[in-house]
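Below: one structure, written as structure tokens.
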Amino acid sequence: MKRILYLIVATLLMVTFMGGCSAEGESPKETTEAEKTTVQEQTEKQTTEKITEKETEPESITDENGNEVTTLAPKAKLDRTPVNCDHIDPSKPMIALTFDDGPSANTGRLLNILERNGARATFFVVGKYIKGNEALLQKMVANGNELASHTWSHANLSTSSDEVIISELADTRAAIKKATGVDAPLARPPYGAHNENVKNIAASQGISLIMWSLDTRDWESRNATAVYSKTMSNVRNGDIILCHDLHKTTVDAMESVIPSLIQSGYQLVTVSELLTYGREELTCGEVYFRR
Ligand SMILES: [Zn+2]
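Residue numbers (the working numbering): 73 to 363.
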């Protein structure tokens, strides 16, 4: 009797054990295998889709002026001619003077000051002011200065719709290209106002965003002496200096600021030169403050 009982218990235990394996072990394993295949298929499908996306890029968008705008993949490297930095002396400190809100009636005089001193600067121009000032822009380029975008209408991009951000950036870049033949993949958002959305749209257009590390507050003081002391007492190697060629007082200040900076040993280079000299290309959608 004991032997029969033992056999029954043993059989029951075996069935339970095998059933357990079947219910909790093998089936999920099969599911996992199936899932694996599905995940693999999905990954392959996604990869194929990615490649297809890549192949169809760059996408073409037509802006409100009917200009064809090319967008690049987010976080792509800027596709442009490498910056010629042959004139840069690696033993000397360097800074980038930047001028926003022009071109204006004062820009021509500023260009002459820069030229006289063998200096370069970067001009963040407002798109709607380009028409009629094409010769000024061409002179900027001819003298080794850099042209960049400050949007079409000086819009606050952080509070603008996607459509507005896209056209503000794209239209200005297209107008610079039309006036000078030069591509301008750098932009400075007015008021420095930017957020993740602005960065993403800039990335999709192959644009890097440029801020500053030294604010001359020239728009506030409107005083050449104040601009001079603010600049000369705060300047450091690698600075991007914010000025506005819209104001006569700023250009007045540059008559002494530029020679003084050079006398202090600084080389005045463009933003692209400052940020890329001896370094990697800039990244689209990134925000840069200084070297
Ligand atoms: Zn501005």
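Where a beta carbon is used, it is the ideal one built from N, C-alpha and C, also for glycine.
Query, Result
"If Ala-191 and Leu-346 are in contact, beta carbons under 8 Å, what's the gap, nearest whole angstrom?", "Actually they are not in contact, since the Cβ atoms of Ala-191 and Leu-346 sit about 13 Å apart, beyond 8 Å."
"Report whether the distance from the Cβ of Pro-261 to the nearest heavy atom of ligand 1 is below 6 Å.", "no"
"Could you give the residue range of the alpha helix (DSSP H) that holds Glu-187?", "179-188"
"Compare the beta carbon distance of Arg-260 and Ile-279 with 7 Å and say whether it is the shorter of the two.", "no"
"I need the straight-line Cα distance from Lys-302 to Ala-325, nearest angstrom please.", "11 Å"
"Which of the three DSSP states is assigned to Tyr-360 in this structure?", "strand"
"For ligand 1, is there any heavy atom lying closer than 6 Å to the beta carbon of Asp-161?", "no"
"Identify every run of the beta strand (DSSP E) within the region 228-267, keeping only runs that are complete inside it and at least 3 residues long; order them along the chain.", "none"
"Report all residues from its chain with a CB closer than 8 Å to the CB of Asp-317; omit the five preceding and five following residues, and keep chain order.", "Phe-171, Asp-172, Asp-173, Gly-174, Pro-175, Ser-176, Asn-178, Thr-179, Leu-182, Phe-195 and Val-323"
"When the Cα atoms are used, what is the spatial distance from Glu-327 to Glu-352?", "34 Å"
"Mind checking which residues open and close the beta strand (DSSP E) that includes Glu-218?", "218-221"
"So is the beta-carbon of Asp-311 under 6 Å away from any non-hydrogen atom of ligand 1?", "no"
"Using a threshold of 6 Å, is the CB atom of Asp-290 nearer than that to any non-hydrogen atom of ligand 1?", "no"
"Below 8 Å on the Cβ atoms is my contact criterion, and I expect Ala-220 with Leu-258 to pass it. Report the Cβ-Cβ distance as a whole number of Å.", "4 Å"
"Grab me the residues of Ser-225's own chain with a C-beta within less than 6 Å of its C-beta, minus the 5 sequence neighbours each way, in chain order.", "Lys-200"
"Return yes when at least one heavy atom of ligand 1 lies under 6 Å from the C-beta of Asp-173, else no.", "yes"
"Quick check: what's the CA-CA separation for Glu-268 versus Ser-239?", "17 Å"
"Quick one: is Lys-101 buried, meaning 16 or more other Cβ sit within 10 Å of its Cβ, or exposed?", "Reliability fails at Lys-101, whose pLDDT of 36 lies under 50, so the model's placement of it is uncertain and the value that follows must be treated cautiously. By the 10 Å Cβ count, Lys-101 comes out exposed."
"Measuring alpha carbon to alpha carbon, tell me which residue in Lys-249, Asp-311, Gly-264 and Ser-332 is nearest Thr-297.", "Ser-332"
"The alpha helix (DSSP H) with Ile-313 in it runs from where to where?", "No alpha helix (DSSP H) contains Ile-313, which is instead part of the beta strand (DSSP E) from 312-316."
"Indicate the three-state DSSP secondary structure (helix, strand or coil) for Thr-110 in the structure shown.", "Low confidence applies to Thr-110: its pLDDT is 41, below 50, so where it sits in the model is not reliable, and the reading given next is rough at best. Here Thr-110 sits in helix by DSSP."
"Would a C-beta distance cut-off of 7 Å place Glu-256 and Gly-357 closer than the cut-off?", "For the record, residue 256 in the displayed sequence is Ala; it is not Glu. It is not a contact, given that the beta carbons lie outside the stated cut-off."
"Quick one: what's Val-197 bridged to in DSSP?", "Ser-221"
"What's the gap between the Cα of Gly-337 and the Cα of Arg-308?", "11 Å"
"Among the candidates Ile-160, Ile-334, Ile-312 and Val-299, whose CA atom is the shortest distance from the CA of His-319?", "Val-299"
"Rounded to whole angstroms, what's the CA-CA distance from Pro-146 to Thr-342? Just pull it up for me.", "For Pro-146, the predicted structure reports a pLDDT of 46, less than 50, and the residue's modelled location is therefore unreliable. A value from the coordinates is still provided. So the two alpha carbons sit approximately 25 Å from each other."
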